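I have placed the structure first, in the form of structure tokens, so that the comments after it can refer back to it.
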Amino acid sequence: MAMAMLAEPALAGPARWPLWPNEVAQRTEALREGSDAPEAARAAAMRQTEGYPDALVRDLIMLGLQDESYEVRREAMRACVDRNLRECLPAAYEAWMNTDDPALRARALDLFAAHPDEGRAELLVEALLDDDPGLRDRAATALARVELSTEMDAKVRTLLSSKLDDVTSAVRLRAAEAMGLRGPGPGAVALVRRLDDPDPAVRATAAEALGRLEDPSAAAALIRALERDPDRGLATAGLLALTRLPGASVDEALLRFFDRPPLDRRDAVVEAIGLRLEPAPSLVDGLIVRLREPSTHDDALSALRLLGRAALPGIESAIERGLEPSLADELEALASAFSPASSPTDANTEASGPSVPPASASSPFGPVGHAQASAQMQPADARRFLRDAEDPEGAALALAAADPAWLADAIAGAVAQSEDARVAELWLWALAAHPGGLEFNRFDGAALVTRLAGWANDGGVPAELRCLASQALGSPALLADERRRRLAAPELLALGSDPHAQRRACAANGLARLGETRALTLLLLDTHPGVRGHAALATIALPPKARNRSVLNHLERNFQRDLDLAASSCAALALAAELDEEQPAPLTPWRIGQGQARAQPWAEFELEGRSYRLPVLGTPTHKWVWVPGTAAGRVPEEIRSSNETAVNELQQFSW
């Protein structure tokens with residue numbers, strides 16, 4: 033099945049037109065000018081504007097921004113941010129300058145970040161100095177991605193550097209993250225100091241940011257930090273950061289770490305070596321020398337395999353100089369595998385794996401031939417592709433769609449070796465979206481399930497990553513194996529009864545694939561409309577025999593009686609789905625990119641000539657929806673063309 037996650041969905045905005053002429057007026061009567069309704073009624077009426085087209089409720093939102101009640105103004109400003117209304121900018125400026133309400137000021141920052149110019153960038157910079165740590169944190173996150181002039185970029189970097197000494201660790205972490213996300217530029221000296229931060233998360237984030245700045249002068253500090261007694265997070269982030277920095281000194285250090293790995297984790301060093309884009313000849317020569325030692329042979333061979341064609345000149349040079357026969361044979365086999373003239377298969381695998389059908393004409397991948405990409409890709413290529421992609425999530429999903437034979441072990445290895453979910457995030461996207469079963473031959477399936485369940489339940493993991501871990505735990509790729517199903521089932525059942533609504537929603541698809549009709553029935557009766565909507569869509573993925581009369585009765589009830597029209601729409605789509613008598617219907621994830629203007633909890637889709645509203649998962653920067661794979665969504669040309677980056681990178685990447 034061709035993946036659809038690289039295309040933006042056919043979003044039409046919150047455009048549910050009224051069913052009767054005075055529907056909006058009746059629902060928002062408390063907001064009308066001259067109304068003496070109490071504050072709670074006015075706030076509730078403002079929430080009733082959600083889901084209607086901008087043209088029908090814009091004046092009501094503007095009126096709400098002038099309300100004397102902080103609660104009403106908060107709801108109005110939330111609507112401004114969700115709808116991305118430029119008309120709200122004067123009110124946002126007023127709220128920022130003349131109120132002390134944190135919620136209003138935070139939403140004003142969100143609006144400034146959505147409409148950046150020099151003046152609003154100044155306000156975001158000013159927010160970095162605010163007394164409220166939450167606002168400083170939010171401002172640093174926004175500044176990480178706002179496009180700025182060269183002069184303003186320099187000013188922002190200077191201020192971010194100053195916030196690296198903030199008393200609040202969350203602000204130091206966000207400032208370090210923002211500096212890294214702004215890409216190559218100054219700031220390495222300030223970040224180096226954070227390698228000794230008392231907070232381990234800040235230390236790891238600072239190391240990662242130093243790699244993103246690509247300043248060669250940071251290499252020595254990173255090497256010293258790794259030579260000391262680093263924690264696991266700093267060891268992983270520091271090694272990966274080194275891979276981005278040029279210079280023979282980095283390659284020499286990687287060889288030293290190969291011999292004396294931080295925390296005795298040579299696997300992490302091997303991974304880092306494999307990411308070197310232009311390894312020095314001394315690195316390849318050093319690995320070849322270590323092939324002669326039984327204790328280091330396998331790891332050195334793995335590192336050469338991960339380097340792929342980047343190691344080819346060094347291997348060919350060593351063969352020309354002369355080697356003992358056994359070593360020469362081994363290196364000649366590697367050189368043959370890496371040579372463009374040979375059949376480009378992965379040196380880690382003996383079998384070519386299942387064939388992947390080419391993308392269909394209606395696929396958002398367009399002309400990309402997945403079977404061809406699968407044959408050409410190697411693990412080292414994939415790591416570089418993910419690392420350097422302009423759209424990393426899209427790149428991960430393009431890789432999942434190509435489905436090379438080594439993908440399962442690459443995903444499992446990344447998850448098994450990463451204690452921090454953020455390190456494995458791109459591989460989680462690939463696992464959650466993969467449509468078929470994967471065989472994790474080289475890794476313990478039980479450990480994989482345990483790690484995913486741990487992240488899904490860890491309150492210290494960001495909300496969108498907890499959801500992503502839940503989706504991966506309930507993916508067809510993971511649940512294809514019976515033993516993994518037995519291990520994942522209790523974890524998904526627990527997530528399905530979590531007090532937090534989003535976590536219940538995130539578990540719905542996995543519960544359906546397990547055939548847990550009782551748990552899904554409870555979610556269909558959930559008090560939260562988003563959970564009811566997700567549960568309704570998830571019933572499409574139920575095994576055919578599990579889609580019993582009780583499930584259909586609840587879907588019919590929600591379709592006919594659910595007061596939330598979006599939840600009712602999901603039930604209608606589930607009832608209308610054409611189901612295979614033998615196989616569950618596929619649910620295809622569609623990603624809503626960070627640049628998407630709207631941030632609604634529901635996305636408007638046109639499927640087979642009818643309009644449906646589907647629930648959105650994630651956060652303002654990481655969002656996706658699930659659509660029945662048999663329904664062809666209409667993707668507008670402007671959305672398709674705006675999200676072609678990852679597809680083009682996949683086609684143009686030099687394998």
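In our numbering, the protein residues as written are 33 to 687. Glycine is no exception: its CB is placed at the ideal position from the N, C-alpha and C atoms. These numbers were taken from a predicted model, which means no experiment stands behind them.
In the DSSP output, what is residue i paired with across the bridge?
i, result
"A570", "Bridge partners of A570: none, in fact."
"D620", "Here residue 620 is Thr; the residue named in the question, Asp, does not match the sequence. DSSP output for T620 lists V659 as bridge partner(s)."
"L649", "W656"
Could you name the residues of the same chain whose beta carbon sits closer than 8 Å to that of residue i, not counting the 5 residues immediately before and after it, in chain order?
i, result
"R515", "G477, A478"
"A172", "L160, L192, K195, V203, R206, A207, E209, A210"
"S281", "A251, A252, I255"
"Q167", "Here residue 167 is Leu; the residue named in the question, Gln, does not match the sequence. The answer, listed in chain order, is P134, R137, A138, L141, A159."
Less than 7 Å between C-beta atoms, sequence neighbours within five positions excluded: which residues of the same chain meet that for residue i?
i, result
"A603", "A568, L587, N590, F591, D594"
"I572", "A606, A609, A617, L619, P660"
"A220", "L242, L245, D247, S249, A250"
"L143", "C112, V113, C120, L121, A124"
"A393", "With a pLDDT of only 25 at A393, under 50, the local geometry of the prediction cannot be trusted, and no value is derived from it."
"R79", "E107"
Please report how far the alpha carbon of residue i lies from the alpha carbon of residue j, in whole angstroms.
i, j, result
"L344", "R276", "20 Å"
"V89", "T81", "6 Å"
"D169", "L160", "8 Å"
"R545", "A446", "24 Å"
"L497", "I347", "40 Å"
"V104", "Q98", "9 Å"
"N541", "L484", "15 Å"
"S368", "R337", "12 Å"
"T482", "W656", "24 Å"
"L584", "R214", "50 Å"
"V302", "R226", "26 Å"
"E523", "D163", "41 Å"
"D91", "S450", "50 Å"
"P575", "L510", "16 Å"
"N116", "D490", "32 Å"
"G354", "S507", "50 Å"
"P148", "N580", "52 Å"
"L287", "P326", "17 Å"
"W52", "L597", "14 Å"
"A135", "E158", "17 Å"
"L646", "E183", "42 Å"
"A186", "D228", "25 Å"
"A62", "S101", "13 Å"
"R341", "G306", "11 Å"
"P436", "W461", "16 Å"
Starting from the Cα of residue i, find the closest Cα among the options and give me that residue.
i, options, result
"A273", "R298, R308, D263", "R308"
"T304", "L258, S502, R564", "Residue identity check: residue 304 is Ala in the sequence provided, not Thr. Looking at the Cα atoms, L258 is the closest of the given residues."
"A620", "P216, N116, A432, A208", "It should be noted that the sequence gives Thr, not Ala, for residue 620. Ranking P216, N116, A432, A208 by Cα distance to T620 puts A432 first."
"R444", "L505, E425, N489", "First, the residue type needs correcting, since residue 444 is Ala and not Arg in the sequence shown. Here the closest residue by C-alpha is L505."
"Q503", "T237, R535, D228", "R535"
"L271", "D296, D247, A239", "A239"
"L95", "A138, T60, A267", "T60"
"A501", "E150, A488, A509, E325", "A488"
"R110", "I93, L458, V56, A312", "I93"
"A442", "A434, F472, I351, N54", "F472"
"A17", "E150, A462, R517, A537", "Residue 17 is absent from the model: the chain starts at 33 and stops at 687."
"L463", "P85, L359, A430", "A430"
"D299", "A335, A285, V316", "A335"
"G151", "E179, G486, D296", "E179"
"R118", "S601, A146, A127, S67", "A146"
"A153", "A127, S181, D291", "S181"
Can you list, in chain order, the residues of its chain whose CB lies under 6 Å from that of residue i, leaving out five sequence neighbours each side?
i, result
"L175", "L156, V188, A210"
"A236", "G265, L266, A269"
"T328", "R322"
"A521", "L546"
"D558", "R564"
"T549", "A578, V583"
"L293", "For the record, residue 293 in the displayed sequence is Pro; it is not Leu. Excluding residues within five positions, the ones whose Cβ falls inside 6 Å are V301."
"F289", "V301"
Say whether chain D places a C-beta atom closer than 8 Å to the C-beta of residue i.
i, result
"A174", "Looking for chain D here will not work: only one protein chain is present."
Practice item. Identify every run of the alpha helix (DSSP H) within the region 243-324, keeping only runs that are complete inside it and at least 4 residues long; order them along the chain. Key: 251-259, 264-274, 280-291, 298-306, 313-322
Exercise for review: Please list the segments of the alpha helix (DSSP H) lying wholly inside the region 428-478, counting only runs of 4 or more residues, in order along the chain.
Suggested key: Taking only runs of at least 4 residues, the alpha helix (DSSP H) segments lying wholly in the region 428-478 are 439-448, 457-465.
Point to revise | Those runs of the alpha helix (DSSP H) which lie wholly inside the region 102-146 and span at least 4 residues | key: 102-115, 121-130, 134-146
Review point. In chain order, which alpha helix (DSSP H) runs of at least 4 residues are fully inside the region 148-203?
Key: 150-159, 165-175, 182-195
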